[in-house]
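Chemist:
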Amino acid sequence: MEVKSITEQKSLLATLSPGKRARLRRLLFDYGPGNGTLMLLPIDQGIEHGPRDFFPNPASKDPEYQFSLAAEAGYSAIACQIGLASRYYPDYAGQVPLILKVNGKTDIPPSDDAFSSTNASVEDAVRLGADAVGYTLYVGSPRQDVDLHQLKGVREECERYGMPLVVWAYPRGRDIDKKGGQVSFYAIDYAARMAMEMGADVVKLNFPKFDPEKDKDQPAPYNEMDVSPEEAVRQIVESAGRSLVVLSGGSKTDDETVLNHTRTIMGAGGSGVIFGRNVWQREKSEALEIIGQIKETLLSNVRRIP
Amino acid sequence: MEVKSITEQKSLLATLSPGKRARLRRLLFDYGPGNGTLMLLPIDQGIEHGPRDFFPNPASKDPEYQFSLAAEAGYSAIACQIGLASRYYPDYAGQVPLILKVNGKTDIPPSDDAFSSTNASVEDAVRLGADAVGYTLYVGSPRQDVDLHQLKGVREECERYGMPLVVWAYPRGRDIDKKGGQVSFYAIDYAARMAMEMGADVVKLNFPKFDPEKDKDQPAPYNEMDVSPEEAVRQIVESAGRSLVVLSGGSKTDDETVLNHTRTIMGAGGSGVIFGRNVWQREKSEALEIIGQIKETLLSNVRRIP
Amino acid sequence: MEVKSITEQKSLLATLSPGKRARLRRLLFDYGPGNGTLMLLPIDQGIEHGPRDFFPNPASKDPEYQFSLAAEAGYSAIACQIGLASRYYPDYAGQVPLILKVNGKTDIPPSDDAFSSTNASVEDAVRLGADAVGYTLYVGSPRQDVDLHQLKGVREECERYGMPLVVWAYPRGRDIDKKGGQVSFYAIDYAARMAMEMGADVVKLNFPKFDPEKDKDQPAPYNEMDVSPEEAVRQIVESAGRSLVVLSGGSKTDDETVLNHTRTIMGAGGSGVIFGRNVWQREKSEALEIIGQIKETLLSNVRRIP
Amino acid sequence: MEVKSITEQKSLLATLSPGKRARLRRLLFDYGPGNGTLMLLPIDQGIEHGPRDFFPNPASKDPEYQFSLAAEAGYSAIACQIGLASRYYPDYAGQVPLILKVNGKTDIPPSDDAFSSTNASVEDAVRLGADAVGYTLYVGSPRQDVDLHQLKGVREECERYGMPLVVWAYPRGRDIDKKGGQVSFYAIDYAARMAMEMGADVVKLNFPKFDPEKDKDQPAPYNEMDVSPEEAVRQIVESAGRSLVVLSGGSKTDDETVLNHTRTIMGAGGSGVIFGRNVWQREKSEALEIIGQIKETLLSNVRRIP
Amino acid sequence: MEVKSITEQKSLLATLSPGKRARLRRLLFDYGPGNGTLMLLPIDQGIEHGPRDFFPNPASKDPEYQFSLAAEAGYSAIACQIGLASRYYPDYAGQVPLILKVNGKTDIPPSDDAFSSTNASVEDAVRLGADAVGYTLYVGSPRQDVDLHQLKGVREECERYGMPLVVWAYPRGRDIDKKGGQVSFYAIDYAARMAMEMGADVVKLNFPKFDPEKDKDQPAPYNEMDVSPEEAVRQIVESAGRSLVVLSGGSKTDDETVLNHTRTIMGAGGSGVIFGRNVWQREKSEALEIIGQIKETLLSNVRRIP
């Protein structure tokens, strides 16, 4: 089955209120690679996976490492939870923008009924001088009713304070596991649309993975589609409509894959990347090197005007 | 068993507060086919089913398609969720009225305990210039207690702001499945009454389906009734009392069925139709053609003065 | 085992705040049969059972039927939910008092964990000019904690606004089913006391039924008591203390039973009846006839001064 | 294993705010037996067990009986729920102090997950002129999280209004059943401490029962302790620290046991008793006689200055 | 696998608001051993385990014992729940700082779904003159969503009132039991990071235990790590970042272990200890002796400037 491309997206910034526009513009143009791109550094793994993610590069256990990296390497923003934002961000305030993640959870319990409750508020973000708020939405979880309602509150506060809303849109839960899994094209495509429909300004998505065995469990017509990863990412970006899309990296992989993913998302009309472990699980000099390459790749593949 | 007709319904508009009346009148007379009819375009399928509904007509994946269609073809209103209303409606504000749907969910989990939590508020609707609010009520779900209480809050805000309330009344959940299923005459008839009793100004219902195998599981006397679809729809409309009724289409079907359903609902004293996939899963010229036919059918079968 | 009678109840009205007293007096003396009696017309069956209850008398499907009946026949009050109260009561405002029922549910799911959430508020009742509020309490349900707490909120608002509180006290849930069932003497007796202790001004109860097979499952000493229905009703009325008691009819039965029940409740010191299907599942002339007989029976058997 | 006595408790009244002190002093000195004792009459059995508790003495079914008994016999206070407090207490206001119980439940469902939600508020108690508030805490129930949080709200309101807080501390739920049961020394001892730590001014406890079979299921060292009932009660009173302790009676027993329990609790440093069925399940003259004996026993065994 | 040390932590006090700084400084420098250390006396065992913890030293059952001990021996603070804080702290106000624990529970139900609801508020702490608030977080419990959201409210109130937040970070629940248990290196390390990320000013942790059998169930790389207890504690303290760490003792052990643990935590860059049963399960003279040794050990092993 063939799916044709849709028209180019209209500017998102043009649809935003002054507060959201001012803040999001800062990330897109004033900090980071600029030119409408987003290079984001996430450091929520200490909550989501525990300290073990820091073991490959012990220096990374001290949040100072990521904050100084973000500031020195010139990131569009650093994303973290309230504890780090309160204790480590102050030294870097004004040097790199902050995205305050307002919900999170450990990965100790299984994710059959995944839901992340809020542990901070949009008002916290305002007080800390953040330029955006991050929210993890578990698309398709059995507890989606609680999740969507909680997101309503966060979105409304974002509108009230003119704070851009970045949604980590993750398909999750026992039911998506039965329909091809959480990284299938179907799952990620649905997540992209869902985040956009819920009012996300920026959507963070995982790179879809193809697995012949699992893919046939996807609902039609996904179960019979034969698309390249590039085409899949292009369609996913389309599903997010006017919301900007950034792609995440997941666990550490080789450099070529990192840069290829960067090229793919930009070529598909995305706005950037949010790589964590692939960056800070390296010693500083190595980290700075890959960051430089990512930045260059981002800038040389810009297709969308935000 | 024979069931006789009841008297014609009194004007709904006459019972409404000024705010509700002003807004609902706009949909019934100033936009769309007019003359007291409702031709509504729903675009909540991206949430309820995911992007797959857009595949038959890739252009439909861009919400621009539905918004421009609604404006150009002259719809009574377009119904969508907060994300689309915030990003796509502004360009069409004043050209076609907006119904903001305030709850929704993905169809990834099973619907045994169906419940859609709110992801937007009536105040959002006011702010966006909407002329009505949409709410999905899962009639007979095991979680009806949460649903009815949530609807209470929405209804009260609607009264406070003079905002008409459109209830998507869907029988759903494991228990209705045991009593003949969610599209039986019994189920739809109950849903119609329920929505009216809960204060809906407009009720959206599915066309009942007859299935000898399942129908015998309906509670008496439905299990032994032998009525034509036309008669069933007539009775269902009666069950909604003074609330206006619009019929939905469901998945795409042939044109004759679409127009027949339109005739049936109007002949039964209904006020219009809300067809989504049957309209926008076509290329624009084809879509405009069927819309023209629907509009004509609506206007030539008006029986009720709203 | 013999149980002796207690003293006559003191006046309830004498213990009420001015607002409650003014409103309840209206029902007891100014409307309906008067002389301290209550003849109430319930029309909540469209929610609680669905439209099927209207089939025996199709005219009854249009709420106009019950409203006009209540006004013409001179009822003490009509009891219905928010939808009917908003759309149909306005034409009868001032002609017959309104009891706004503030909670309800469909009977599609089983009642093992019965609970009815509120779909309207006491403030709604005030706004609509109602003279009392109705609340369904499922005595002994596994969810009694939620129910009793919700009732607290309703009762407090009733006190705030001087609104009489009528409690539909129904034993319900999987546990009462194991202890003799929901219409046993034990169950109804407990429900009467419970409603009174929770602050009901008027308690609506079902007529107890005797069933040798089930009755032995009641807790002692009910399982071994041998009392006549009249004696049981008398004791049940005593259990409600100073709260007024009205008896309900349930599904349609023969006229003699209707009038016998009326005599029994009045003879037991009750204040009246609340018959729905037994009245409006008849054509108007027949309905008016039985209403006349009920009214006469009420007035000729008054024993308690409210 | 031997457990030694601790020092005498300091005055509780000395630690209380003026409002609490004024009200509690009234119960301890101005009403009832006085001299720092508490003789309380509970009448919450109509909710907790249903009307069957009134059958041994039919007169007791009319709350007038207990209210007049409390006033005539000179009780420190009468404890009841909102319905009785609203309808029966007004006639006795000023004659006997009121303890308004703010939560309760029927015993129809099993108590595996025992929890009593509030059906009245501390503000209700203030409005009704009560001198204390009663709260039932189910110590060790699987729903303790909801219970303790609810108690927080009641305690805070008590502090706000200067209202003494009486906690009915009952070990309950499926887990305590596995650890020796709800009336073991372990269970009651834990309950006493828990209520004190949660801020109770007065703790109501059951008399511990010894049962060789069940007692060995208690956690160490209780499972191997060999203490007399008197010693157990003494230790339990110590566990309640500065909170005053009153002992309850449970179902009706013989007079000697009633008076023995009274002596035991007073000798252990307790402040009084709260006997219900043991008192009002008798005809008035008999009731007054046992009350006289209880009062005398209380006054002749005072050990603690409150 | 080798894990290297990270840089020394920056001063926590320097990052705190004036209110938090003033109060926490009091604990660190003005009371207790001083010099930036924390010697805390917990007395929440009466709630968490019941009175049985007081049996080894009956005098300890009277909270007076712990309060006087804390004041006389010169503790940095005493930590207890609302009941003790209200009734026993007033006599010691100004002599020893108070940490008000705002949540807690009995250990009667199993801890598969561990969650402690709040029974007091930060405002209570302010009113009582406390210098910090304590909160128990069950890291990795299936109910972490409720826990983290509740902690959000407490943290925000702490920020509002300038009240330091001490988090008891306990891995707990059925899932951590499957991943090596609640005292594994993995579990404690995760808990340390979690508390810090949630905004704790001080984190209370258990001493990790090594158990070859269970340790292999830990997620990688913990399951294959071979570190000494000292090294594990050092890494755990690092995981808490700028939050101060105090180590708890658990059930009573021998003196050498107590002092060794004290040395270990201080050597690892921790700030002190919170030993309860190891201290007050001794007669006063013995207790004072071990306290003296702890104090000396603390002061002679200071490594971190808070």
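Residue numbers (our numbering), protein chains in the order written: chain U, 1 to 306; chain Y, 307 to 612; chain P, 613 to 918; chain Z, 919 to 1224; chain D, 1225 to 1530.
Even for Gly, the Cβ is constructed at its ideal location relative to N, Cα and C.
Please read all numbers here as calculations on a predicted model, not as lab measurements.
Between the region 510 to 533 of chain Y and chain P, which residues of the former have a C-beta closer than 8 Å to a C-beta of the latter?
Modeler: Per Cβ criterion, the list reads P525, A526, P527 and Y528.
Chemist: Whose C-beta lies closer than 8 Å to the C-beta of V914 (chain P) among residues of the same chain, with five residues either side of it excluded?
Modeler: Position 302 of the third sequence, counting from 1, holds the residue named residue 914 (chain P). Same-chain partners within the cutoff: N647, G648, T649 and M878.
Chemist: Out of U:S121, U:G292 and U:S76, point me to the one whose CA is closest to G94 (chain U)'s CA.
Modeler: Within the first sequence, residue 94 (chain U) is the residue found at index 94, counting from 1. Of the listed residues, the one whose Cα sits closest to G94 (chain U) is U:S76.
Chemist: According to DSSP, is T730 (chain P) helix, strand or coil?
Modeler: The residue labelled residue 730 (chain P) in the question sits at position 118 within the third sequence. Here T730 (chain P) sits in strand by DSSP.
Chemist: Please return the same chain residues whose Cβ sits closer than 8 Å to the Cβ of I917 (chain P), not counting the five positions on each side in sequence.
Modeler: Here the question's residue 917 (chain P) lines up with position 305 in the third sequence. Cβ within range, chain order: S623 and G648.
Chemist: Got a sec: is the Cβ-Cβ distance from Q1062 (chain Z) to anything in chain D below 8 Å?
Modeler: The residue labelled residue 1062 (chain Z) in the question sits at position 144 within the fourth sequence. It does; some Cβ of chain D falls within 8 Å.
Chemist: Tell me where the beta strand (DSSP E) around A697 (chain P) begins and ends.
Modeler: Position 85 of the third sequence, counted from the start, is the residue given in the question as residue 697 (chain P). Run containing A697 (chain P): none in the beta strand (DSSP E); it sits in the alpha helix (DSSP H), I694 to R699.
Chemist: Return the CA-CA distance between L1372 (chain D) and E1207 (chain Z), expressed in angstroms with no decimal places.
Modeler: On the fifth sequence, position 148 is the one that residue 1372 (chain D) refers to. On the fourth sequence, position 289 is the one that residue 1207 (chain Z) refers to. Whole-angstrom Cα-Cα distance: 57 Å.
Chemist: In whole angstroms, what is the alpha-carbon distance linking D419 (chain Y) and S447 (chain Y)?
Modeler: As a position in the second sequence, residue 419 (chain Y) is number 113, starting the count at 1. As a position in the second sequence, residue 447 (chain Y) is number 141, starting the count at 1. Cα-Cα distance, rounded: 6 Å.
Chemist: With DSSP run on the structure shown, which of helix, strand or coil describes Y643 (chain P)?
Modeler: Counting from one through the third sequence, the residue named residue 643 (chain P) turns up at place 31. If DSSP states are grouped into helix, strand and coil, Y643 (chain P) belongs with coil.
Chemist: Measuring CA to CA, which of Z:L1083, Z:L1123 and Z:S986 is closest to R939 (chain Z)?
Modeler: Counting from one through the fourth sequence, the residue named residue 939 (chain Z) turns up at place 21. When only C-alpha atoms are compared, the closest one is Z:L1083.
Chemist: With a cut-off of 8 Å, do at least 3 Cβ pairs link the region 187 to 198 of chain U to the region 453 to 468 of chain Y?
Modeler: Touching, no.
Chemist: Contact defined as beta carbons within less than 8 Å: I believe Y444 (chain Y) pairs with R478 (chain Y). What is the distance between those atoms, to the nearest angstrom?
Modeler: Taking the first residue of the second sequence as 1, we reach residue 444 (chain Y) at position 138. Taking the first residue of the second sequence as 1, we reach residue 478 (chain Y) at position 172. 4 Å between Cβ atoms; contact.
Chemist: Closer than 9 Å, Cβ to Cβ, to anything on chain D: give me those residues from the region 63 to 84 of chain U, in chain order.
Modeler: Those would be P63, E64, Y65, C80, Q81, I82, G83 and L84, in chain order.
Chemist: Find the residues of chain Z that neighbour F1339 (chain D), judging by a C-beta separation of less than 8 Å, and give them in chain order.
Modeler: Against the fifth sequence, residue 1339 (chain D) aligns to sequence position 115. Correct list: D1063.
Chemist: In its own chain, which residues sit with a C-beta less than 7 Å from the C-beta of K616 (chain P), not counting the 5 before and 5 after it?
Modeler: Within the third sequence, numbered from 1, the residue matching residue 616 (chain P) stands at position 4. Confidence in K616 (chain P) is poor, its pLDDT being 45 and thus under 50, which makes the residue's placement too unreliable to answer from.
Chemist: List the residues that DSSP assigns as beta-bridge partners of Y1359 (chain D).
Modeler: Residue mapping note: residue 1359 (chain D) aligns to position 135 of the fifth sequence, counting from 1. BP columns for Y1359 (chain D) point to D:V1391.
Chemist: Answer with buried or exposed for R87 (chain U), where buried requires no fewer than 16 other C-beta atoms within 10 angstroms of its C-beta.
Modeler: Stepping through the first sequence from its first residue, residue 87 (chain U) is reached at position 87. That one is buried.
Chemist: Report, in whole angstroms, the separation of the C-beta atoms of V573 (chain P) and A880 (chain P), which I expect to be a contact under 8 Å.
Modeler: Residue numbering for chain P in the displayed model covers 613 to 918; residue 573 (chain P) lies beyond these limits and cannot be assessed.
Chemist: With a threshold of 8 Å between beta-carbons, can Y1108 (chain Z) be considered close to chain D, or not?
Modeler: Residue mapping note: residue 1108 (chain Z) aligns to position 190 of the fourth sequence, counting from 1. Taking Cβ atoms only, chain D reaches closer than 8 Å to Y1108 (chain Z), which makes this a yes.
Chemist: Give me the Cα-Cα distance between D656 (chain P) and I886 (chain P), rounded to the nearest whole angstrom.
Modeler: Locating residue 656 (chain P) in the third sequence gives position 44, where the first residue counts as 1. Locating residue 886 (chain P) in the third sequence gives position 274, where the first residue counts as 1. The straight-line gap from Cα to Cα measures roughly 12 Å.
Chemist: In the DSSP assignment, the alpha helix (DSSP H) including G267 (chain U) goes from what residue to what residue?
Modeler: By 1-based counting over the first sequence, the position of residue 267 (chain U) is 267. Counting along the chain, the alpha helix (DSSP H) containing G267 (chain U) begins and ends at D255 to G267.
Chemist: Which of the three DSSP states, helix, strand or coil, is assigned to G884 (chain P)?
Modeler: Here residue 884 (chain P) refers to the residue found at position 272 when the third sequence is read from its first residue. It is a strand residue.
Chemist: In the DSSP output, what is K411 (chain Y) paired with across the bridge?
Modeler: Translated into positions along the second sequence, residue 411 (chain Y) becomes position 105. DSSP lists no partner for K411 (chain Y).
Chemist: Does any C-beta atom of chain P lie closer than 8 Å to the C-beta of T1054 (chain Z)?
Modeler: Within the fourth sequence, numbered from 1, the residue matching residue 1054 (chain Z) stands at position 136. Chain P, which has no Cβ nearer than 8 Å to the Cβ of T1054 (chain Z), makes this no.
Chemist: Per the contact definition of three or more C-beta pairs closer than 8 Å, is the region 1321 to 1341 of chain D in contact with the region 1352 to 1360 of chain D?
Modeler: Yes, the region 1352 to 1360 of chain D touches the region 1321 to 1341 of chain D.
Chemist: Exposed or buried, E503 (chain Y), counting other C-beta atoms within 10 Å across all chains shown (16 or more means buried)?
Modeler: Within the second sequence, residue 503 (chain Y) is the residue found at index 197, counting from 1. So E503 (chain Y) ends up on the buried side.
Chemist: Return the CA-CA distance between G1167 (chain Z) and S1035 (chain Z), expressed in angstroms with no decimal places.
Modeler: Position 249 of the fourth sequence, counted from the start, is the residue given in the question as residue 1167 (chain Z). Position 117 of the fourth sequence, counted from the start, is the residue given in the question as residue 1035 (chain Z). Each residue's alpha carbon lies about 24 Å from the other.
Chemist: Return helix, strand or coil for S5 (chain U), following the three-state DSSP convention.
Modeler: Against the first sequence, residue 5 (chain U) aligns to sequence position 5. With a pLDDT of only 47 at S5 (chain U), under the threshold of 50, the placement of this residue in the model should not be trusted; the figure read from the coordinates follows. Coil.
Chemist: With distances taken Cα to Cα, identify the nearest neighbour of N529 (chain Y) among P:R664, P:W892, P:R638 and P:D674.
Modeler: Residue numbering aside, residue 529 (chain Y) sits at position 223 when the second sequence is read from its first letter. Nearest of P:R664, P:W892, P:R638 and P:D674 to N529 (chain Y), Cα basis: P:R664.
Chemist: Would you mind stating whether Q1374 (chain D) and A1344 (chain D) have Cβ atoms separated by less than 8 Å?
Modeler: Taking the fifth sequence and counting its residues from 1, one reaches residue 1374 (chain D) at position 150. Taking the fifth sequence and counting its residues from 1, one reaches residue 1344 (chain D) at position 120. No, Cβ-Cβ distance for Q1374 (chain D) and A1344 (chain D) is not below 8 Å.
Chemist: Name the residues in the region 150 to 169 of chain U whose C-beta lies less than 8 Å from a C-beta of chain D; which are they?
Modeler: Listed by position along the chain: nothing, the set is empty.
Chemist: Roughly how far, in whole angstroms, is the beta-carbon of L1264 (chain D) from the beta-carbon of L1248 (chain D), given that I think they are within contact range, below 8 Å?
Modeler: Here residue 1264 (chain D) refers to the residue found at position 40 of the fifth sequence. Here residue 1248 (chain D) refers to the residue found at position 24 of the fifth sequence. The Cβ separation is near 12 Å, so there is no contact.
Chemist: Is it right to say T869 (chain P) is buried, meaning 16 or more other beta carbons lie within 10 angstroms of its own, or is it exposed?
Modeler: Counted from its first residue, the third sequence places residue 869 (chain P) at position 257. Exposed.
Chemist: Based on DSSP bridge pairs, tell me the residues matched to P654 (chain P).
Modeler: In the third sequence, residue 654 (chain P) corresponds to position 42, counting from 1. Paired residues: P:A691.
Chemist: Between the beta-carbon of C1161 (chain Z) and the beta-carbon of V1120 (chain Z), is there less than 8 Å?
Modeler: For this step, residue 1161 (chain Z) is matched to residue 243 along the fourth sequence. For this step, residue 1120 (chain Z) is matched to residue 202 along the fourth sequence. One detail in the question is off: residue 1161 (chain Z) reads as Ser in this sequence, not Cys. Taking 8 Å as the Cβ cut-off, S1161 (chain Z) and V1120 (chain Z) qualify as a contacting pair.
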